[in-house]
Amino acid sequence: MARTGVFICHCGANIAGKVDVAKVAEEAVNLPGVVYTGHQKYSCSEAGQKVIVDAIKENKLDRVVIGSCSPKMHENTFRKTVQQAGLNAYMLEIANLREQVSWVTGDKEEATAKAFDLIKAAVGKVTFAKPLTPGQVPVTKRALVIGGGIAGIQASLDIAGMGYEVVMVEREPSIGGRMAQLDKTFPTLDCSACILSPRMVDIAQHPKIKLYTYSEVETVNGYVGNFNVTIRKKARFVDEKLCTGCLECIGKCPLKKKLKNKFENFRAPRGAIYVPFAQAVPKVPVIEKETCQYLNSPDPDTIEVKEGEKKPKRKCGACAKACAQGAINYDMQDELINETFGAIVIATGFNLFDHSKYGEYGGGQLPDVITGLDFERMVNSSGPTEGKIVRPSNGEKPKRIVFIQCVGSRDEAKGVPYCSRICCMYTAKHTILVREKVPDAEVYVFYMDIRAAGKGYEEFVLRAQREYGANYIRGRVSRIYEEDGHMTIKAADTLAGMPIEMAADMVVLATGSIAREDSVEFANTIGITTDTYGFISETHPKLKPVEVPREGVFACGAALSPRDIPDTVATAGAVAAKVGVLFSNDILMSDPMVAEIDPMKCVACGACVAVCPYSAITMEEFRGKKFAKVNEAMCQGCGTCSAACRPGAAQLKGVTDEQILKSIEAVLQW
Amino acid sequence: MTKYAYYPGCSLETGAKEYDTSVRGVFGKLDLGLTEIPDWSCCGSSQAHKVDRGMATAIAGRNLVLASDIGDIVAPCASCSLTLKEAIIELEHEGPERAVLKDAGYEYLPGSVNVVSAVEAVYRALRDGQFEGKIKNPLEGLKIASYYGCLLVRPPEVAKFDDPENPTSMDKIMEAAGATPVNWSHKAECCGNAYIMVDKNMTLSLVTKIINAADRGGADIIVTACPLCQANVEARHSLLQQKFGLKRSIPVVYFTQLLGAALGVDKGKLAMDESVYKLIEKARQAEKVVG
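Residue numbers (our numbering), protein chains in the order written: chain W, -3 to 666; chain C, 4 to 294.
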């Protein structure tokens, strides 16, 4: 017969404020197998844990039920507690009386009744608990970093700096990310490329870092310490080993003025063969498969012609002729690379809000209404206008520039209620850059609030206003339209309490940060989740800000939520530290709550093999009998096989059919 | 055949009779049934809610209850459709307004009725292919500025129709009628009608800006779906030219009048000025020359 102890936690007033804990403890004495009950203020405290340990020893308890907060919070704590008392860590069941009862049930009596029901279920379930032993798995001390912006760069350099191997995967032809697109950085006005480029070069040259650009992660299998990852290295059609980066090929492409360069926010031309920017790492061009004339003309080998007729030749091939190294290889194919990693770092960054959703600001149709990123490229000396601030419509110097804050931020009507955190600062920076380059231009900024929370940030905004004469008007712009060769701005000045109308030569919209367009799909590939807006969800916003719920996977930078460069670099460093902690282990304990298939009951129907999302089940044969077998290292304990198994051969250890049925029986019949 | 409960509202019985008759004509041609709500009353728009919100809801709610056996309500006036839509939201939950209605013998059942504007109903018909083969006299070459004003698509959480800042439904209807919608800046600006008594100069300068914007867009005609907008933007053009800087007088008609002309609705029902027909013909001829 079981000797079960039941401990009810007050959690201060969190549980005791709604649940009559004394009554629950008192009534629990009568449940089958229960030989001890008690209640205490904080079970998780040192004193509280001691009470549990002592009670187990004194009463020779062999299983324990704790009614407390969610097992997500303290299951590990209490597993250690019962272990201290000499029990197996899995002879424990937690009833969630806080998140599932006291926090969500209004009425005291109802809450007490529900708490007792959950205790009954837990007591029932623990009756059939069996001691479980964790397995051991080795740790592959190599990290995969996804994303080659400043977040990924910093994380990679820090992890590699600890002596671990790193593989960085970047989907664009070059690393550098958003930071490479910026001109200056706030609040110091450092040149962005000047502080970033050396780190990009460090990535390329670091002996511990392997770089795959123009590549994407396709599948992720396995588990912490042993992830099996497939990386698709897209055909670049330029041999990275042979190419010297002379870029002779680029000038020969007949499409060199025809296509738009994404790096320049589509405001400067490029050819089908291109490097996105001068400081690209690696400085090896790519040929875009979709647009290259050679690759899109029919292959003569596949064309049948009548006798005597000449086979048509491939179009173009100009870049291959220009390359003295013979680095152009039109036959290159995508390559699938399989690698094993102990940890995965997500540093996939962010996108900018598409202002065509603002019909009131011209819906993206007014040429002189541009975005903050357009402005960054415009003001950059290697950008489309070589650093000259000009109106896109006619190339003339603007006399008055209006900046509008919170476009795609703090705007519920557009589905983005959150603050993007960077726009107030980058707009202040833009006003300074305008006044430095075009001193006679007037600058106006329409804002809702100035959010300048950062070291030296408020001072920076004040400098823009006082030293550089940026005129800040508090109020939202309701409409922008073109009239007689200029933009008319209609707005409210909420400090003066007046509607205002103003003419402007150019308008810069401070578009906010949003998640990458494919972030949900990407999260599915990795096996993690996103928030409502598509940003990667962290495990705990305060205490586990760079961990994600899949163990061994970490995230940093703006993939998590909008953030600036300092915060991005800080979280990248934090991720590196977490990876370092993980890699300091040679062996990890695996979760013993995995599936197990009883070969005597198994009828070899294969249903479990088909449903297993982790490909952890295979068919085996022993002395002529076929049966399914679980690879415990690959099993994630999801229980899908157990649900699919008709004869009941597949069981999830710690959550067996027997245990579940007993909890149901306990709730309904005890 | 789609059957609608027709809510003309006060304007369509008085100053905007041509909107009423042209709506009836257009709906007839598009095979959309219109049954006038028996014993409908004023929706309370523009006054009631300023006095007592609960009363405003109850006044509009009575009409909702009366229509619930017939079908979705079509309220052509932008202000009426918005007021009725707002009442649906207010009456969604059990509260004193519903109790007032029930006591008066009008029990409101949430979900029993829906409200659309005339633009919405016609746009639905267009989307469902009900225009096919029905445009008898396409408005070829006619350049149209679709003027939505402020209430037809706003506030979006009440209107629940089209883009609140850059609406396009009326443009698409006019395009289907063979006309050329122009891209212009003031399609959803306020005409200031409500302030004509308070600050006449302000209202007239707003109107002037709207017509000048249509002029910049190259419009021959402005179409609207709101009796207040129509009356306000069409009138006093000579005064606007003298004192407010109006560049060119442009006629303002209901979208149903022009659409009716394209569908071949009787001229009597459309009640459109002969000068508008001349504009239509002129555009058609010019188009032919170009073609």
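Note that CB positions come from ideal geometry on N, CA and C, so glycine has one too.
Tell me, please, whether the stretch 209 to 226 of chain W touches the stretch 120 to 138 of chain W by the rule of three or more beta-carbon pairs shorter than 8 Å. These segments touch.
Point to revise | Within 8 Å, strictly: CB atoms of residue 629(W) and residue 613(W) | key: Judged by beta-carbon spacing, residue 613(W) lies beyond the 8 Å limit of residue 629(W), meaning their Cβ atoms are not closer than that value.
C-beta atoms of residue 79(C) and residue 274(C) nearer than 8 Å: No. Outside cutoff.
Rounded to whole angstroms, what's the CA-CA distance from residue 56(C) to residue 91(C)? Just pull it up for me. The alpha-carbon atoms of residue 56(C) and residue 91(C) are separated by roughly 13 Å.
Where residue 488(W) meets chain C, residues with beta-carbon distance less than 7 Å: Neighbours of residue 488(W) across chain C, judged by C-beta separation under 7 Å, do not exist; the nearest C-beta is about 13 Å away.
Note to self: Below 7 Å on C-beta distance, what does residue 440(W) contact in chain C?
What the structure shows: Going along chain C, no residue has its Cβ under 7 Å from residue 440(W), so there is no contact; the nearest lies around 20 Å.
Task: Contiguous beta strand (DSSP E) assignments of at least 3 residues, all confined to the stretch 197 to 280 of chain C - done: Correct list: 224 to 227, 255 to 257.
Delimiting residues of the beta strand (DSSP E) encompassing residue 479(W): Counted as a single uninterrupted DSSP element, the beta strand (DSSP E) harbouring residue 479(W) occupies residues 473 to 479.
Where does residue 97(W) fall in DSSP's three states?
If DSSP states are grouped into helix, strand and coil, residue 97(W) belongs with the helices.
Mark residue 159(W) as exposed unless 16 or more other C-beta atoms lie within 10 angstroms of its C-beta, in which case mark it buried. Residue 159(W) comes out exposed.
**Request:** Could you name the residues of the stretch 334 to 355 of chain W whose beta carbon sits closer than 8 Å to any beta carbon of chain C, in the order they occur along the chain?
**Result:** Here the close residues are 354, 355.
In its own chain, which residues sit with a C-beta less than 7 Å from the C-beta of residue 197(W), not counting the 5 before and 5 after it? In its chain, beyond the 5 residues on either side, 277 have a beta carbon closer than 7 Å to the beta carbon of residue 197(W).
- Query: Considering only residues of the same chain and omitting the five flanking positions on each side of residue 9(C), which have a CB-CB separation below 7 Å?
  - Reply: Result list for residue 9(C): 37, 38, 39, 40, 77, in chain order.
* Report the three-state DSSP secondary structure of residue 14(C) (helix, strand or coil). => In the displayed model, residue 14(C) falls within a helix according to three-state DSSP.
Could you check whether the Cβ of residue 479(W) sits closer than 8 Å to any Cβ belonging to chain C? With respect to chain C, the C-beta atom of residue 479(W) has a partner C-beta closer than 8 Å.
**Prompt:** What residue ranges within the stretch 68 to 102 of chain C form continuous alpha helix (DSSP H) runs of no fewer than 4 residues, ordered along the chain?
**Reply:** The alpha helix (DSSP H) runs lying completely inside the stretch 68 to 102 of chain C and spanning 4 residues or more are 81 to 93, given in chain order.
Could you check what DSSP says for residue 35(W) in three-state terms: helix, strand or coil?
Three-state DSSP puts residue 35(W) in a strand.
- Query: Could you give the residue range of the beta strand (DSSP E) that holds residue 3(W)?
  - Reply: It spans 0 to 5 - the beta strand (DSSP E) in which residue 3(W) sits, taken as one unbroken run.
Report task. Could you tell me whether the Cβ atoms of residue 259(W) and residue 273(W) are closer together than 8 Å? Result -> In this structure, the beta-carbon distance from residue 259(W) to residue 273(W) falls below 8 Å.
Just to confirm, are residue 397(W) and residue 424(W) a CB contact at a threshold of 8 Å? Cβ distance not < 8 Å, so residue 397(W) and residue 424(W) don't count as in contact.
If distances are taken between C-alpha atoms only, which option among 664(W), 662(W), 639(W) comes closest to residue 653(W)? Nearest C-alpha to residue 653(W): 639(W).
- request: Taking only runs that begin and end inside the stretch 318 to 395 of chain W, name each unbroken beta strand (DSSP E) of 3 or more residues, in chain order.
  value: Taking only runs of at least 3 residues, the beta strand (DSSP E) segments lying wholly in the stretch 318 to 395 of chain W are 331 to 337, 339 to 342, 365 to 367.
| field | Chain-order list of residues whose beta-carbon lies under 8 Å from that of residue 512(W) (same chain, five-residue window excluded) | value | 344, 345, 346, 347, 518, 530, 555, listed in sequence order.
Worksheet entry | Residue ranges of each beta strand (DSSP E) within the stretch 77 to 149 of chain W, 3 or longer | The beta strand (DSSP E) runs lying completely inside the stretch 77 to 149 of chain W and spanning 3 residues or more are 88 to 92, 132 to 134, 138 to 142, given in chain order.
Check your understanding: Where do the ends of the alpha helix (DSSP H) carrying residue 22(W) lie?
Key -> That run of the alpha helix (DSSP H) goes 17 to 24.
Would you say residue 169(C) lies against chain W (beta-carbon separation less than 8 Å)? Yes, its Cβ sits closer than 8 Å to a Cβ of chain W.
**Request:** Please name the residue in 30(W), 53(W), 2(W) whose C-alpha comes closest to that of residue 36(W).
**Result:** Per the Cα distances, 2(W).
### Task
Go to residue 659(W), then tell me how far its beta strand (DSSP E) extends in each direction, as first and last residue.
Where residue 659(W) is concerned, there is no enclosing beta strand (DSSP E), although the alpha helix (DSSP H) around it starts and stops at 653 to 665.
Report task. Would you mind reading off the limits of the alpha helix (DSSP H) that contains residue 138(C)? Result -> Annotation: residue 138(C) is outside any alpha helix (DSSP H) and is labelled neither H nor E by DSSP.
Considering only their Cβ atoms, is the gap separating residue 372(W) from residue 179(W) smaller than 8 Å?
Closer than 8 Å, so yes.
Taking 8 Å as the cut-off, decide whether the C-beta atoms of residue 208(W) and residue 164(W) are in contact. For residue 208(W) and residue 164(W), yes; Cβs fall inside 8 Å.
- According to a CB-to-CB cut-off of less than 8 Å, which residues of the stretch 218 to 230 of chain C neighbour chain W? Those would be 219, in chain order.
Original post:
Taking C-alpha atoms, which residue in 326(W), 144(W), 54(W) lies nearest to residue 565(W)?
Top reply: Proximity to residue 565(W) across 326(W), 144(W), 54(W) peaks at 144(W), based on C-alpha coordinates.
Worksheet entry | Contact set for residue 4(W): own chain, Cβ-Cβ below 6 Å, skip 5 residues either direction | Same-chain partners within the cutoff: 17, 20, 21, 35, 63.
query: By DSSP, does residue 188(W) sit in helix, in strand, or in coil?
result: DSSP places residue 188(W) in helix when its eight states are reduced to three.
Fill in: Touching by the beta-carbon criterion (3+ pairs, under 8 Å), the stretch 194 to 205 of chain C and the stretch 126 to 140 of chain C
No, the stretch 194 to 205 of chain C does not touch the stretch 126 to 140 of chain C.
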